[in-house]
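Line by line, the protein sequences are chains A, B and C. Residues in the first sequence are numbered from 1 upward in steps of one, following our numbering. Residues in the second sequence are numbered from 1001 upward in steps of one, following our numbering. Residues in the third sequence are numbered from 2001 upward in steps of one, following our numbering. Heads up, the beta-carbon is just placed ideally off N, CA and C, and yes, glycines get one too.
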Amino acid sequence: MATVSLESRPYEKVSDHDSSHESVNYLNHDHSILSWLLTLDHKRIGLLYLVTITLMFLLGGALAGAVRLELLTPKGDLLAADTYNKAFTAHGIIMLFFFLIPSIPAVMGNFVLPLMIGAKDVAFPRLNLLSYYLYFAGSVIALTALLLGGVDTGWTFYTPFSSTYSNSYVVVMAVGLFVVGFSSILTGLNFVVTVHRMRCPGLTWFRLPLFIWAIYATSVVQLLGTPVIAVTLGLLGVERTLGVGIFDPRLGGDPILFQHLFWFYSHPAVYIMILPSLGLISEVISTFSKKTVFGYHIIAFSSIAIAVFGFIVWAHHMFTTGISPYAAMVFSLLTFSVAIPSGIKVFSWLATMYGGSISFDTPMIYAFGFLGLFTIGGLTGLFLSTLGTDIHLHDTYFIVAHFHYIMVGGAIMGYMAGVHFWWPKITGRLYSEFWGKLSAGITFIGFNFTFFPQFILGYLGMPRRYYEYPDEFQVLNVFSTAGASILAIGYLMPMFYMPLSFFFGEKANSNPYGATTLDWTDTTSPPSPHNFEKTPVVTEEPYNFHGKEAAVVSH
Amino acid sequence: MSATNQTVQDHGQHHHHKDLAHHFDTLEQQHDANTLGMWAFLLTEVLFFGGLFAAYTIYRYKYSAMFEEASNHLDITLGATNTVILILSSLTMALAVRCSQTGQAVWTGRWLLITIFFGLMFLGVKYFEWKHDYNIRLMPGKDWAGKDFFWWQYAKKAKEMEKHDKGHSHALPDPKDVLPDNHPSLGIKGIQESQQARLFFLLYFCMTSLHALHMLVGFVLIGIIAYFAYQGAYSPDYYSPVENIGLYWHFVDIVWIFLFPLLYLLGAHMGH
Amino acid sequence: MASSEHSTHQPASLTLYLGTFGMLMLLTVLTIFAGFQNFGMWSTPIALGIAVVKAALVVVIFMHGYSSSPLTWVIILASIFFLTIMLGMMLSDYVSRGWVI
């Protein structure tokens, strides 16, 4: 068991009993455009999301590129100050609301969740399609706001700047986010009901794959948090259009209240982005270590704990705003508590790998990257939850680096791991392992080059959201911009070799990794339109590699 | 888990029930999913209104005295009337759901239509209330010339006049006789008072109009479901649409149950 | 998984609904009456208390809470819990701002 196989995928050939590629599957049963645009099939809706959010990711990435290029030199020479404000605002809004929040839940969740629980579809397929079109409509509205001239408030829309002084298209953008928020709520609702009501016989809660637990916790956060941001943006819109002073101190309003309401959603939203990754990494690490997850129950509960704790720590974004020092102390203490479930997860992944027979496939390489980056991101979070240190580091590049380590190093690495992991299931084809591993490596290196210097910049006192800076910061900024171009190559590579593999890749069998969950063991690759030949019946806990290995992997 | 094993065996028999969607195994699973979905949606709704209640709570805490005085400008009689009407509509909705459970299709439709009727009545009362608020310039926002429409001094004057002639003549004050809200002679305190009253009325309008918006959505949905009820689409086997619209409507009622004392009764003890 | 929702198949009696309606009316009168009294700082807790009882009646009887599954109750309690967290923790900031360190 202890042998570590460096040879990639010893079992990737299509075995004889599996001739799925010839048969009818969800991709080839109907080729018309309408059958895609009006599909109620969760798998096709997942792919619609995949295509749309990839476009949004490219746009958000391009804007990040513009920001980094501007910061290459100390003087503001590439972009005007105002354009720079609009660029980082658009980057933040697109990446958070239109890429990260729907990324794993809407793409992987949609595709995999019903497969993993042995269901024919999500509980409300029509609602699922509606979610997609709400997302689409919200994106169109947001892009309209950008085309009209953009928004310069930062993605946080802090009042009173956003409500009174900004001359940009705040209301249009708020409408876009309102609409996309409802997409998020309806997806969450759908998944909660699906997990509760659609599990196949024998699939008890503690037999659920950990990815399902994570998606479930995420969905609960989406249900509870998103309506608050919706109504907050609504109030912001009312304030701007009617010229009243809900958040304007000049008119008796309270700008801090906006921040409270905003972060009541937006802090839990961080967990909407990272939780699915945490679950996904458990799947990947267990599968490629051929070993059952260490501490299954506590991992499952830690997902729920993160979801709940996420709601009681929001004011740590507001330590420097003049909130009550007593409340700040309480929020600081509570913030530390989030580290406990996160730490439990990291140790569980390590313990899962310990003594396993690890294979270094592309998803696993991404998962390794995730582990390191998420840990750094999490630990630097502790610096920021400490009241005193936060006063020093608040609104500097330290914060920027910290949350990029979580969001990019954590959430996007996890997302990339997931896309590679389920790609054979989604398309029935294998991508090139060589290019896959190369892209994972380049992403990891590029990421660290980009964001590690920003920790130092922040520590030295460079504030975020400025388009000029003193000369002595230039070296580190050049590092960061150079790293960003490496990172961009890492992200662009999959956009070539993945589509190529879709047409020319080797055929995948139903379970190329010898995974144990229903999505691999009981469906073909790609799955048939109704997922399962007959409703599966689950008789054991997940990640039992002992029993399944022989049955599936032998060929 | 024995119950679910049953569902696998029963799969073939239930498959042809006309109301069963293809991705469910049994009608019961479908019903449970629908009910859970509705409750989960209401959970979201609670937090949706919750954002407004949070803003209300904070400003109520900061400006409690002015909130009481501002609340005194709302009409308790109309508010109470609407409370009664809405609870009545909740009763008729409960009866509609009951009829759908017992298979009385026509009465299901009738009770649903009666519910809409009471709902419309509620909005009718609301219309006159808002119109009055508009007349005494308690509506937040701008007038056509782009100037502030809200005019606290004017509303105070209007209330004084109303008190004076015991509400018989509905004469409104002449704008020329009233000081602007930011007139220096009012002092800092007077100007702050109008700002705080403005926040109360802003929240009043946001909360009541969001509530009214939910009722409008409710009318459309109830109307559609009433139509299907008359068509005989629901049976004791399959009535979750009626049940779910019922849950929604009762939720709208609950929101009002909280809005009424929080908005209308704050300043009642100060004498009307 | 499917559980106690069966019991909603047995509809509640008409008297129960009418009685609930009567109670709600009574409580409405009570809340208006209480509103006109000067209870000082207690007036809001009293008004909210009555509103909570009314809401509970609607949830338990009209919304069939009495026969709903435990899961439904988890949702109801979760909505109250998270609403309380939001209101309570926000208010905690405002209330303690004036405290002297």
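Inset, instruction - Starting from the beta carbon of residue 1142/B, find every residue of chain A whose beta carbon is closer than 8 Å, and list them in chain order. - result: 242 and 243
Legend entry - Ranges of the alpha helix (DSSP H) found wholly within the segment 1233 to 1262 of chain B, counting only runs of at least 4: Entirely contained in the segment 1233 to 1262 of chain B, the alpha helix (DSSP H) runs reaching 4 residues are, in chain order, 1240 to 1259.
Inset, instruction - Output the distance between the C-alpha atoms of residue 21/A and residue 527/A, rounded to the nearest integer angstrom. - result: For residue 21/A, the predicted model reports a pLDDT of 46, less than 50, meaning its position is unreliable; a value from the coordinates is still stated below. Their Cα atoms are separated by approximately 10 Å.
Legend entry - Residue from 482/A, 370/A and 505/A with nearest C-alpha to residue 430/A: Among 482/A, 370/A and 505/A, the Cα nearest to that of residue 430/A is on 505/A.
Inset, instruction - Starting from the beta carbon of residue 2082/C, find every residue of chain A whose beta carbon is closer than 7 Å, and list them in chain order. - result: 224 and 311
Legend entry - Environment of residue 546/A [buried if 16+ CB atoms lie within 10 Å]: Counting the other CB atoms within 10 Å of its CB gives residue 546/A a total below 16, which places it among the exposed residues.
Inset, instruction - Drop a sphere of 10 angstroms on the beta-carbon of residue 118/A, count the other beta-carbons inside from all chains shown, and report buried for 16 or more, exposed for fewer. - result: buried
Inset, instruction - Could you tell me whether the Cβ of residue 213/A comes closer than 9 Å to any Cβ of chain C? - result: Chain C, which has no Cβ nearer than 9 Å to the Cβ of residue 213/A, makes this no.
Legend entry - residue 171/A beta carbon less than 9 Å from that of residue 68/A: The Cβ atoms of residue 68/A and residue 171/A lie no closer than 9 Å to each other.
Inset, instruction - Counting only runs of 4+ residues fully inside the segment 1045 to 1114 of chain B, write out the alpha helix (DSSP H) ranges in chain order. - result: 1064 to 1071 and 1076 to 1102
Inset, instruction - Work out the CA separation of residue 530/A and residue 523/A for me, nearest whole Å. - result: 10 Å
Legend entry - Best match in 538/A, 355/A, 254/A and 306/A for proximity to residue 278/A [C-alpha to C-alpha]: 306/A
Inset, instruction - Step through the CB atoms of chain B and report whether any lies within less than 9 Å of the CB of residue 556/A. - result: It is not possible to answer for residue 556/A, since the shown part of chain A is limited to 1 through 555.
Inset, instruction - Please decide whether residue 2096/C counts as near chain A, where near means a Cβ-Cβ distance under 9 Å. - result: yes
Inset, instruction - Would you list, in sequence order, the uninterrupted alpha helix (DSSP H) runs of no fewer than 4 residues that lie entirely inside the segment 147 to 234 of chain A? - result: 170 to 197
Legend entry - Three or more C-beta pairs below 8 Å linking the segment 233 to 247 of chain A and the segment 1070 to 1078 of chain B: no
Inset, instruction - Tell me, please, whether the CB atom of residue 395/A is closer than 9 Å to any CB atom in chain B? - result: no
Legend entry - Residues of the segment 2066 to 2079 of chain C whose Cβ lies closer than 7 Å to any Cβ of chain B, in chain order: 2071, 2072, 2075, 2078 and 2079
Inset, instruction - Please go through the same chain and pick out, in chain order, the residues whose beta-carbon is closer than 6 Å to the beta-carbon of residue 342/A, but skip the five residues on each side of it. - result: 378
Inset, instruction - Would you decide whether residue 324/A is buried or exposed? Buried here means 16 or more other CB atoms lie within 10 Å of its CB. - result: buried
Inset, instruction - Could you check if residue 1028/B is buried or exposed, using at least 16 other CB atoms within 10 Å of its CB as the buried criterion? - result: buried
Inset, instruction - Work out the CA separation of residue 339/A and residue 2089/C for me, nearest whole Å. - result: 20 Å
Inset, instruction - Measure the C-alpha to C-alpha separation of residue 517/A and residue 1105/B and round it to an integer number of angstroms. - result: 46 Å
Inset, instruction - State the start and end residues of the unbroken alpha helix (DSSP H) segment that holds residue 68/A. - result: 42 to 70
Inset, instruction - Using a Cβ cut-off of 9 Å (strictly closer), state whether residue 2085/C contacts chain A. - result: yes
Inset, instruction - Give the straight-line distance between the Cα atoms of residue 102/A and residue 53/A, rounded to the nearest whole angstrom. - result: 8 Å
Inset, instruction - Would you kindly work out how many angstroms separate the C-alpha atoms of residue 214/A and residue 299/A, rounded to a whole number? - result: 9 Å
Inset, instruction - Can you have a look at residue 434/A and say buried or exposed, based on whether 16 or more other CB atoms are within 10 angstroms of its CB? - result: exposed
Legend entry - alpha helix (DSSP H) segment containing residue 110/A, residue limits: 110 to 116
Legend entry - Closer than 8 Å at the beta carbon, the chain B residues around residue 2058/C: 1090, 1250, 1253, 1254 and 1257
Inset, instruction - Check whether the Cβ atoms of residue 1240/B and residue 1031/B sit closer than 9 Å, and answer yes or no. - result: The criterion of a C-beta distance shorter than 9 Å is satisfied by residue 1240/B and residue 1031/B.
Legend entry - Members of the segment 1045 to 1057 of chain B near chain A, C-beta cut-off 9 Å: Of all residues in the segment 1045 to 1057 of chain B, 1045, 1046, 1047, 1048, 1049, 1050, 1051, 1052, 1054 and 1055 have a Cβ within less than 9 Å of some Cβ in chain A.
Inset, instruction - Determine the burial state of residue 381/A: buried for a count of at least 16 other Cβ atoms within 10 Å of its Cβ, exposed for fewer. - result: Label assigned to residue 381/A: buried.
Legend entry - Beta-carbon separation (whole angstroms), residue 293/A vs residue 210/A, contact threshold 8 Å: 6 Å
Inset, instruction - Show which residues of chain B have a CB atom less than 7 Å away from the CB atom of residue 230/A. - result: 1048
Inset, instruction - Note down, in chain order, every chain B residue with its Cβ under 7 Å from the Cβ of residue 2011/C. - result: 1098, 1101 and 1102
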